Amino acid sequence: MVAMLGQGRKLRQSEFGDGARAGFCLMGACQDCWVWDETGQRLRACTTVVLDGMTVRTAPPEQYWPVTADLQQHLAASEAGS
Amino acid sequence: MSEPTVVVVGTGPAGVRAAEALVEAGLRPILIDEGLRDGGQIYRRQPEGFKRDYAVLYGSEASKAHGLHQTFEALRQHVDYRSETLAWNITQGHLHTVQSSQARSDEIAFDALIICSGATDRLMPVQGWNLAGCFSLGASQIALKAQACSIGSRVVFLGSGPLLYLVASQYVKAGAKVVAVLDTAPLIPPLASLRGLLSRPLLLWRGLQMMVQLKRAGVALLKGVKPLRIEGRPDQGVSGIVVTDAGGRERQFSADALGMGWHLRAESQLADLAACEFSFEPLSRQWLPRMDPDGRSSQAGVYLAGDGARILGADGAEAAGRLAALAAMNDLQLPAGRVQYQLERDRLRQQLAQMDQFRQGLARAFPWPHQQAESLPDAAVVCRCEAITAGELRRCVNELGSRELNHVKAFSRVGMGRCQGRYCGHAAAEVIAAVAHIPVETVGRLRGQAPVKPMLMNACEVSSGAQS
Numbered sequence: 000m001v002a003m004l005g006q007g008r009k010l011r012q013s014e015f016g017d018g019a020r021a022g023f024c025l026m027g028a029c030q031d032c033w034v035w036d037e038t039g040q041r042l043r044a045c046t047t048v049v050l051d052g053m054t055v056r057t058a059p060p061e062q063y064w065p066v067t068a069d070l071q072q073h074l075a076a077s078e079a080g081s
Numbered sequence: 000m001s002e003p004t005v006v007v008v009g010t011g012p013a014g015v016r017a018a019e020a021l022v023e024a025g026l027r028p029i030l031i032d033e034g035l036r037d038g039g040q041i042y043r044r045q046p047e048g049f050k051r052d053y054a055v056l057y058g059s060e061a062s063k064a065h066g067l068h069q070t071f072e073a074l075r076q077h078v079d080y081r082s083e084t085l086a087w088n089i090t091q092g093h094l095h096t097v098q099s100s101q102a103r104s105d106e107i108a109f110d111a112l113i114i115c116s117g118a119t120d121r122l123m124p125v126q127g128w129n130l131a132g133c134f135s136l137g138a139s140q141i142a143l144k145a146q147a148c149s150i151g152s153r154v155v156f157l158g159s160g161p162l163l164y165l166v167a168s169q170y171v172k173a174g175a176k177v178v179a180v181l182d183t184a185p186l187i188p189p190l191a192s193l194r195g196l197l198s199r200p201l202l203l204w205r206g207l208q209m210m211v212q213l214k215r216a217g218v219a220l221l222k223g224v225k226p227l228r229i230e231g232r233p234d235q236g237v238s239g240i241v242v243t244d245a246g247g248r249e250r251q252f253s254a255d256a257l258g259m260g261w262h263l264r265a266e267s268q269l270a271d272l273a274a275c276e277f278s279f280e281p282l283s284r285q286w287l288p289r290m291d292p293d294g295r296s297s298q299a300g301v302y303l304a305g306d307g308a309r310i311l312g313a314d315g316a317e318a319a320g321r322l323a324a325l326a327a328m329n330d331l332q333l334p335a336g337r338v339q340y341q342l343e344r345d346r347l348r349q350q351l352a353q354m355d356q357f358r359q360g361l362a363r364a365f366p367w368p369h370q371q372a373e374s375l376p377d378a379a380v381v382c383r384c385e386a387i388t389a390g391e392l393r394r395c396v397n398e399l400g401s402r403e404l405n406h407v408k409a410f411s412r413v414g415m416g417r418c419q420g421r422y423c424g425h426a427a428a429e430v431i432a433a434v435a436h437i438p439v440e441t442v443g444r445l446r447g448q449a450p451v452k453p454m455l456m457n458a459c460e461v462s463s464g465a466q467s
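Protein chains in written order, with numbering that gives the first Met the number 0: chain H, 0 to 81; chain U, 0 to 467.
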């Protein structure tokens, strides 16, 4: 979060049309600092440590359903079954 | 008899002292910590690789912070420590947890559960507080403590309570530009607050010193202010704040960041999910879980300590954590715990009673500004998560006949957003009470819901897999 706010004043847009947001509580309670990684996995910026080569999205990907490992398995299994 | 399973939630001052008492009596408790490292929020540890020393990080509380961290290090191999783990639900003697980095879920059957869940800032909305650049006072302090950053290059602090002055003076000390400290508390504290404040003279002295230092550093220090609006543009963020001062004059301060908060709000969701009874405390105007002086909740086997139950601050949390653990062991009929409980009970109770006196003094001198809810403009956002305005809440009362907070929640979604009412719940209740002309306690409180924080749906599935 600090890495992002060091570059600008906002993290994301409010989904309810009231403008830009930049987090609020910094202790993992308000959930105002949500950003997303490349796979669509949601990150709480204030409790996420920045890593070398990390890509962060400030908006969710269009198809916003993170495909987790177990979901992938489940989908593969149901495809195989059909 | 096999060793009982005692679970402690939280590794702040209350949790660590509770764990210490348990280990002393020969138990191996499970310690659940949502954070990456122990310390909680108050004695939050800086990330690995940061090298500021304790005096710089924790100031006058350096030795306490050091003591607590050292205690934890010594306990580490005697406890089952689970960091980055969220306790998200409680059902019939079971605590449900999810570990974020490994997506691991557990259902822990406990004989005793000690909830030391801490607190968050308590917020009263001000028009414009949803602009980027508004942070809580706690957030302002965390930015400094954890990351050595200021929330902005020209900062205004607004609110009331000890944290307001503490954070402002920490910012000044760190070299940040603090434009103003705006306190909503009355200019002259009520006489009734003095008795409480004098019960911890050293703390009172330190507070007064802080105010003098802030003045000397050229910070505008205003008491008795009424916040009118936070200025700025939705795409640009905060640019300033307008208040009326104690004399009724309008004052404007330019700033690119604002830290705000009014004391703390207990994180009491887990106690709620454990079906603990709550009662309304008129002085602070908040609902708190009911408990006896030793931390026993209304539910057998569930104990409460620290700011998650009573806002006594870090010193109070250390005493309460220890006492709750001793009470738990006494109730579990563990001989070592029993003896220690008899030995220390009276002293710890006395300590807590004194701290509670001080807390009451603070609550009177720096009151929760519930009147602000009444004058909040209709267009002001109350719920930051979903941008629900004061006008919308008033409509629920005036047009839909709501008189109860969960009822208004069902109509308006207030408290239903991603923070689950942590930052709007108290204020929404005040808005409803004011417009309906009823006492705020009759408006009720938002019921705690599992999961207490957002998590992935598949966490539950992983749980059933892990069990099999």
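Virtual Cβ for every residue (Gly too), placed ideally from N, Cα, C.
All figures in this text were calculated on a predicted structure; none of them were measured in a lab.
- Interface annotation, U/C418: in contact with chain H, CB-CB separation under 9 Å.
- Under DSSP, U/F49 shares a beta bridge with no residue.
- Here DSSP, grouped into helix, strand and coil, assigns U/D120 to strand.
- DSSP places U/F71 within a helical segment (H, G or I) once states are collapsed to three.
- DSSP links U/P226 through a beta bridge to U/V242.
- Taking 9 Å as the cut-off, the beta carbon of U/Q371 is found closer than this to the beta carbon of U/P226.
- Identification of chain H residues near U/E230 by a Cβ-Cβ cut-off of 8 Å yields none; the smallest Cβ-Cβ distance measures about 13 Å.
- For U/H95 and U/I89, the gap between their C-alpha atoms comes out near 6 Å.
- Closer than 8 Å at the C-beta level to chain H, one finds these residues of the region 116-138 of chain U: T119, D120, N129, L130, A131, G132, C133, F134, S135, G137, A138.
- Spanning the alpha carbons of U/L201 and U/Q235 requires a straight line of approximately 43 Å.
- Against chain H, a Cβ distance below 7 Å from U/E385 picks out F15.
- Taking a contact as a CB-CB distance under 8 Å, the pair U/C423 and U/C395 does not count as one, their CB atoms being some 14 Å apart.
- K452, P453, L455: these are the residues of the region 439-455 of chain U whose beta carbon lies less than 8 Å from some beta carbon of chain H, given in chain order.
- Within the same chain, Cβ atoms closer than 6 Å to the Cβ of U/L21 are found at V5, P28, A324, the five residues on either side in sequence being excluded.
- Secondary structure note for U/S59: it is in no beta strand (DSSP E), with a DSSP letter that is neither H nor E.
- Taking a C-beta cut-off of 9 Å against chain U, the contacting residues of the region 17-36 of chain H are D17, G18, A19, R20, A21, G22, F23, C24, L25, M26, G27, A28, C29, Q30, D31, W33, listed in chain order.
- Scanning chain U for C-beta atoms nearer than 8 Å to the C-beta of H/V1 yields A142, Q146, C148, reported in chain order.
- With respect to U/V154, U/D244 sits apart: the two C-beta atoms are not nearer than 9 Å.
- C-alpha of U/T183 to C-alpha of U/P453: approximately 33 Å in a straight line.
- Look at the beta carbons and you see the region 154-171 of chain U touching the region 126-141 of chain U: at least three pairs across the two are nearer than 8 Å.
- Neighbourhood of H/V55 in chain U, by CB distance below 9 Å: empty, with the nearest CB roughly 17 Å away.
- By alpha-carbon distance to U/S152, the top candidate from U/K144, U/A173, U/Y164, U/A145 is U/A173.
- The DSSP-derived three-state label of U/A111 is strand.
- Among the residues of chain H, none has a CB under 9 Å from the CB of U/Y80; the nearest is roughly 18 Å distant.
- Neighbours of H/V49 in chain U, taken as residues at a C-beta separation under 8 Å, are lacking, since the least C-beta distance is about 10 Å.
- Put simply, the region 253-271 of chain U touches the region 139-151 of chain U. At least three CB pairs are less than 8 Å apart.
- Assignment of beta strand (DSSP E) within the region 137-203 of chain U, counting only whole runs of 3 or more residues, yields 154-159, 177-182 in chain order.
- At the C-beta level, U/G420 and U/A409 stay beyond 9 Å of one another.
- Close to U/E33, with beta-carbon spacing below 8 Å, are these residues of chain H in chain order: G27.
- U/Q339 places its beta carbon less than 9 Å from that of U/M328.
- Going by C-alpha positions, U/A308 is about 11 Å away from U/L269.
- For U/E19, the enclosing alpha helix (DSSP H) covers residues 12-23.
- With a minimum length of 3 residues, the unbroken runs of beta strand (DSSP E) contained wholly in the region 11-75 of chain H fall at 33-36, 41-43.
- Taking a beta-carbon distance threshold of 9 Å, U/G236 counts as an interface residue toward chain H.
- In the DSSP assignment, the residues bridged to U/C133 are U/L257.
- Counted as a single uninterrupted DSSP element, the stretch harbouring U/Y422 is not any alpha helix (DSSP H), since DSSP gives it neither H nor E.
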